[in-house]
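*Asks:*
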Amino acid sequence: VEEAKAAVKDEEVTASAAGDKVRATVTCEGKVKQFFVDPGFLQEEGLEMALDALAAATNAAMTAADKKVEEHVNKATGVKSPVR
391 VEEAKAAVKD EEVTASAAGD KVRATVTCEG KVKQFFVDPG FLQEEGLEMA
441 LDALAAATNA AMTAADKKVE EHVNKATGVK SPVR
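Numbering (this note's numbering), first residue to last: 391 to 474.
1. With DSSP collapsed to three states, give me the class of Glu419.
2. Could you give the first and the last residue of the continuous alpha helix (DSSP H) run that contains Glu438?
3. Using 10 angstroms around the beta-carbon of Val416, count the other beta-carbons present and answer buried if the total reaches 16, otherwise exposed.
4. Compare the beta carbon distance of Ala443 and Val412 with 8 Å and say whether it is the shorter of the two.
5. Specify the secondary structure class of Val391 as computed by DSSP and reduced to three states.
6. Quick one: Cα of Lys465 to Cα of Val459, how far?
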């Protein structure tokens, strides 16, 4: 299981929110790599809305990364089980 997790730990997953105006990229190890906020969205919607969208994008990216790790572990071990 640990070998399977290590094999994908550096792979990146990106998710977006607010109609792709906010994006977050994380690794399958759970490290945040990059954020993007469209300057026009920030100006139009304000900081609070941009931060809410950033949190949503980050959570979605983390969930997708966890799913990717789980799928890789299940494929490597032949067993279906949650990773986290």
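In this text, a Cβ means the ideal position worked out from N, Cα and C, and glycines have one as well.
*Replies:* Reading it off the structure:
1. coil
2. Leu437 to Thr467
3. buried
4. yes
5. coil
6. 10 Å
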